[in-house]
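Residue numbers (the UniProt record's numbering): 1 to 327. For each residue, glycine too, the CB sits at the ideal point set by N, CA and C. Single-structure report; data block below.
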Amino acid sequence: MPVKFSFDLYQNLCLPEMQIEFCNHPHPLVPCKLESKLCCNVCIQEITLLPLYGCIPCKYFLHKSCAEFEKSLKHPFHPEHTLLLRPKSSGDDWCAACCKSFVGGCSAYNCRECDLKLCIDCSLKMPNLKWEGHVHSLAFIKAYYGYTFCGFCNSPCCNGESVLHCVPCDFVVHPRCIAELPQSIEVHHRHLLFLNDSLIEDMMEDLYCSVCEKLRTPNQLVYSCNECDFVSDLYCAIQEILPDIIINNEVEGEYSNSKENLDDPVLDEIDKEISVLRDHSMVLKKTLEGLNLRAKELTQDIEKVDKDVEELEKKRTERASFSWSAD
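See below:
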């Protein structure tokens, strides 16, 4: 007669050092076999490789790497407070760094005091890029904005575009605005990769980055190979070499400006005016964001008041009809 497997028994047989406590899950997680298609409850990505940890009765499974994330952390994106790892986030929330919505209830780091949230991917990123045009270091991220504007050229930052972001200041700038991107690079591939404004293939399955194997955003800068079908999105192509690109650009810019501005007070005055206007533009954009938020709140208040008026008018009509019938 076959013996029915008991997960409780297996859990008890596992040595304590084999078990993992994760956030507020009520049971310890233990090593499991990969016998079917599973989804990690932290990153909401498919689990394709061992090791993995899980709680079979709760159908709760994690990559080993996801299970080992710090339960709390201090991050430069939000230095004022400690962030706590929460096992499940609302789909109405979004990451403060990349603005990606927490669709699917993935885990995220949360600030209890100001409700700021940081996705798992962005918690691994650091603001390690210095640029003379901003007081803080910038982080290179792939962002999912719908309304943010570049602090340099004032044009929109498109959804899925790679940008440099100062999270505390909410300052965003295109890489192409502060550094001249190389026309060709030698990274991640045996052939040279060349810069393209956009690369849209006929088949949807071709719209994937050959480096990270994730879906690319159409009409965005890419580096592609002229000899084969290798295509890298901008983020994967230049994330390792971007610091050198920015430094070289600033050195060349300083040399160029020193020659141009030599004994020319008019150019110096124009540069000062440009700097003042850029700062003023940033202030106006921040003010506009606040006004838009307030306008949205007022619209909701108006809709609520209109609904209350409609209900009262309906009640009055019913009351008047009843009184008329009684007479």
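Status (buried if at least 16 other CB within 10 Å, exposed otherwise) for residue i
i           : result
residue 295 : exposed
residue 241 : exposed
residue 316 : exposed
residue 141 : buried
residue 161 : buried
residue 41  : buried
residue 115 : exposed
residue 217 : buried
residue 314 : exposed
residue 319 : exposed
residue 304 : exposed
residue 288 : exposed
residue 29  : buried
residue 222 : buried
residue 47  : buried
residue 228 : exposed
Residue i to residue j span [Cα, whole Å]
i           : j           : result
residue 62  : residue 24  : 14 Å
residue 110 : residue 128 : 22 Å
residue 182 : residue 54  : 46 Å
residue 72  : residue 107 : 13 Å
residue 51  : residue 33  : 8 Å
residue 281 : residue 177 : 16 Å
residue 271 : residue 220 : 31 Å
residue 130 : residue 245 : 11 Å
residue 64  : residue 191 : 35 Å
residue 57  : residue 85  : 23 Å
residue 3   : residue 213 : Because residue 3 sits at a pLDDT of 34, beneath the cut-off of 50, its placement in the model cannot be relied upon, and the point is left open.
residue 188 : residue 215 : 17 Å
residue 306 : residue 224 : 55 Å
residue 186 : residue 195 : 12 Å
residue 309 : residue 292 : 25 Å
residue 38  : residue 31  : 14 Å
residue 158 : residue 312 : 45 Å
residue 155 : residue 163 : 12 Å
residue 339 : residue 193 : It is not possible to answer for residue 339, since the shown part of the chain is limited to 1 through 327.
residue 134 : residue 265 : 24 Å
residue 299 : residue 148 : 22 Å
residue 321 : residue 101 : 50 Å
residue 13  : residue 88  : Low confidence applies here, because residue 13 scores a pLDDT of 47, under 50, leaving its location unreliable and the question unanswered by this model.
Proximity below 8 Å, CB of residue i to CB of residue j
i           : j           : result
residue 165 : residue 97  : yes
residue 167 : residue 78  : yes
residue 171 : residue 120 : no
residue 99  : residue 143 : yes
residue 153 : residue 136 : no
residue 43  : residue 66  : yes
residue 75  : residue 123 : yes
Identified DSSP bridge partners for residue i
i           : result
residue 140 : 164
residue 86  : 108
residue 119 : 108
residue 171 : 166
residue 54  : 30, 61
residue 225 : 193
residue 39  : 46
residue 75  : 78
residue 156 : 149
residue 101 : 94
Neighbour flag for residue i against chain D, beta carbons, 8 Å
i           : result
residue 281 : In summary, chain D is missing from the structure at hand, where a single protein chain is found.
Whole-number beta carbon distance between residue j and residue i, since they are thought to touch under 8 Å
i           : j           : result
residue 211 : residue 232 : 5 Å
residue 125 : residue 93  : Incorrect: roughly 18 Å between the Cβ atoms, too far for contact.
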